[in-house]
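Enquirer:
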Amino acid sequence: MKLKINDFGSSLNIAEFNFLISELDDLIIEAPLKVNGELKKGTDLLFGDMYTVSGTYSGIIKLECVRCLKEISHPVKGEFQWKFLEPKNYSTYIKSFEQESEIDSDGYEEAQNGEIDVTEIIRQQILLDLDFYPTCKPFCDDDSEIEKYSSNGMDQRWAKLLEIKE
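What the sequence shown shows, in our numbering, is residues 11 to 176, in sequence order.
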């Protein structure tokens, strides 16, 4: 879903949105993601009009257990908040940085073509919130891959280094 920031009049400063996502790049969605949020228009003293997109999402995605490689259902639930500037204000924001500086957590994104892609925000937030190594809950019973690659002996590549030490 894309929100058009040009639809904001001078009197309208908040717009609420609710929608379902059934497809996202890089993710397999098992049950549609429910998204509830709002778009607020505000003013940054240095950069002019800014837009804050915030809300919540929840749903179920499919992942692969890293131990047994079985497909698992993984519930996802979280909050998001991103800040955007119009292209002319965004270029001023970028120019305000020194040659080497860090962007803090209050950084801004650019609203491209007068639109904010909420679906992309949700996709990025889910990817950031996912476990690095998803497993069957609470414990995966399959140790076959671990047993297959475990060895009680010394790796011969390291044995020569130990001889040098002695």
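All C-beta atoms in this analysis are idealised placements derived from N, C-alpha and C, irrespective of residue type, glycine included.
Distance, Cα to Cα, E125 vs W168?
Expert: 56 Å
Enquirer: Which partner residues does K14 have in the DSSP bridge list?
Expert: DSSP output for K14 lists E125 as bridge partner(s).
Enquirer: On a Cα-Cα basis, can you pick out the residue from L56, I24 and P42 that is closest to G117?
Expert: Comparing Cα-Cα distances from G117 to each of L56, I24 and P42, the minimum goes to L56.
Enquirer: Is DSSP giving D54 helix, strand or coil here?
Expert: strand
Enquirer: The alpha helix (DSSP H) spanning S106 covers which residue range?
Expert: Per DSSP, S106 belongs to no alpha helix (DSSP H) and is neither H nor E.
Enquirer: Rounded to the nearest angstrom, how far is the Cβ of G65 from that of G52, given a contact under 8 Å?
Expert: For a cut-off of 8 Å, the C-beta gap from G65 to G52 is around 16 Å, too long to register as a contact.
Enquirer: Tell me which same chain residues have a C-beta within less than 6 Å of the C-beta of T68, skipping the five on either side of it?
Expert: In the sequence as presented, Thr is not what sits at residue 68; that position holds Ser. For S68, where only same-chain residues beyond five positions count, the Cβ hits under 6 Å are K44 and K87.
Enquirer: Pull the bridge partners of S83 from the DSSP assignment, please.
Expert: DSSP lists K72 as the beta-bridge partner residues of S83.
Enquirer: How far does the beta strand (DSSP E) with L34 in it extend, from its first residue to its last?
Expert: First-last for L34: undefined, no H or E at that position.
Enquirer: Could you pull out every residue in the same chain whose Cβ sits closer than 6 Å to the Cβ of K72, ignoring the five residues on either side in sequence?
Expert: I38, E40 and E81
Enquirer: In angstroms, rounded to a whole number, what distance separates the CA positions of A25 and V76?
Expert: A straight-line Cα-Cα distance of about 41 Å links A25 and V76.
Enquirer: Should E96 go down as buried or exposed, given a rule of 16 or more other Cβ atoms within 10 Å for buried?
Expert: By the 10 Å Cβ count, E96 comes out buried.
Enquirer: Pull up the distance between the alpha-carbon of F90 and that of L172, whole angstroms please.
Expert: 51 Å
Enquirer: Given K14, which residues of its chain have a CB within under 7 Å of its CB, disregarding the five upstream and five downstream residues?
Expert: G124 and E125
Enquirer: Buried or exposed: L30, going by 16 or more other Cβ atoms within 10 Å of its Cβ?
Expert: Counting Cβ neighbours within 10 Å, L30 comes out exposed, since fewer than 16 surround it.
Enquirer: What is the DSSP secondary structure of Y118, counted as helix, strand or coil?
Expert: coil
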